[in-house]
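Counting from 1, position 61 in the sequence shown corresponds to residue 61 in UniProt numbering; the numbering is continuous, with no gaps.
From the three backbone atoms N, C-alpha and C, an ideal C-beta is built for every residue, glycine too.
As structure tokens, the structure follows; a few thoughts come after it.
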Amino acid sequence: MRVMLADDAVLFREGVARILEADGFEVVGRAGDAATLLAMVAADPPDVAIIDLRMPPGFGDEGIEAAVRIRKQAPKVGLLLMSQYVEVHHALRLMDDFDGGVGYLLKDRVSDLAAFGVDVRRVAAGEVIIDPELVSRLVARRRTQDPLERLSARERAVLELMAQGRSNAALSAELHLSPKTVEGHVRSIFTKLDLAPDEGENRRVLAVLRFLRQA
1 MRVMLADDAV
11 LFREGVARIL
21 EADGFEVVGR
31 AGDAATLLAM
41 VAADPPDVAI
51 IDLRMPPGFG
61 DEGIEAAVRI
71 RKQAPKVGLL
81 LMSQYVEVHH
91 ALRLMDDFDG
101 GVGYLLKDRV
111 SDLAAFGVDV
121 RRVAAGEVII
131 DPELVSRLVA
141 RRRTQDPLER
151 LSARERAVLE
161 LMAQGRSNAA
171 LSAELHLSPK
181 TVEGHVRSIF
191 TKLDLAPDEG
201 ENRRVLAVLR
211 FLRQA
């Protein structure tokens, strides 16, 4: 699997490159800013681009803006945004603006070598990955009104894992529930969140969006 890296911190960038190469990835490009990354992707699109959210020159949202342009120019490239901090508005923008094949991880996630490699492969496969720490902090925030209050504790647990990109099979294994039970919980979540059957597969994404916005 071919990967490009964009991060202005040389030590972090090279460290990630070594981790990925040791896990069987081919690192085909390294960049210190968004402009260089965009040029590399245009010349030879990778399977996944791993992008620092804040990069030169402004250290604002250059990473997401680069991801937007890459998705328009090379829609098959998976996009994994990395950040030092939890920035909820950026995570929500990723969920809103991108239809799969995207992720938002904290840089600390790299220290879990096995999980990081799995996350990169999941993004390449078209899944949506949200850092568990981000989901946990969202859940911990107080709410004045909770549109998710109709969900049972088990359904909320299922939806929280869905927000981390888990498939039904992964939910079954992690929660020690049968596949049919998981399917029943997922259907109940859709019903309680008023997501009509004609929403199709988009119902899963819409349910996660509501969870992230209101958590």
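Simplified DSSP state of residue i, which is helix, strand or coil
| i | result |
| --- | --- |
| Met1 | coil |
| Asp49 | Checking the displayed sequence, the identity of residue 49 turns out to be Ala instead of Asp. Note: Ala49 maps to strand in three-state DSSP. |
| Val135 | helix |
| Val77 | coil |
| Gly60 | coil |
| Phe116 | helix |
| Ala125 | coil |
| Phe12 | helix |
| Arg71 | helix |
| Asp23 | coil |
| Asp97 | helix |
| Arg18 | helix |
| Arg142 | Because Arg142 sits at a pLDDT of 44, beneath the cut-off of 50, its placement in the model cannot be relied upon, and the point is left open. |
Sheet register partners of residue i (DSSP bridge)
| i | result |
| --- | --- |
| Gly29 | Met4 |
| Ala43 | Ala43 pairs with nothing; no bridge assigned. |
| Ser83 | Leu106 |
| Ile130 | Tyr104 |
Closest residue to residue i among the options (Cα-Cα distance)
| i | options | result |
| --- | --- | --- |
| Glu26 | Val3, Val86, Arg210 | Val3 |
| Gln84 | Lys107, Ala170, Val68 | Lys107 |
| Lys180 | Asn168, Val48, Ala39 | Asn168 |
| Gly58 | Val41, Arg13, Ile51, Asp33 | Asp33 |
| Thr36 | Asp7, Phe12, Val16 | Asp7 |
| Val186 | Asp97, Arg71, Val158, Val120 | Val158 |
| Gly117 | Leu11, Ala17, Ala43, Gln73 | Ala17 |
| Arg30 | Asp44, Asp23, Gly24 | Asp44 |
| Val110 | Val68, Arg203, Ile189, Asp23 | Asp23 |
| Leu79 | Val86, Glu65, Glu87 | Glu65 |
| Arg166 | Ala67, Glu183, Leu148 | Glu183 |
| Asp97 | Met82, Val28, Leu11, Arg69 | Arg69 |
Worksheet item: Which ranges does the alpha helix (DSSP H) cover as unbroken runs of at least 4 residues, wholly within the UniProt domain "HTH luxR-type" (144-215), from first to last along the chain?
Response: Taking only runs of at least 4 residues, the alpha helix (DSSP H) segments lying wholly in the UniProt domain "HTH luxR-type" (144-215) are 153-163, 168-175, 179-192, 202-214.
Worksheet item: Between the region 95-109 and the region 118-132, do three or more beta carbon pairs fall short of 8 Å?
Response: Contact holds: three or more Cβ-Cβ distances are below 8 Å.
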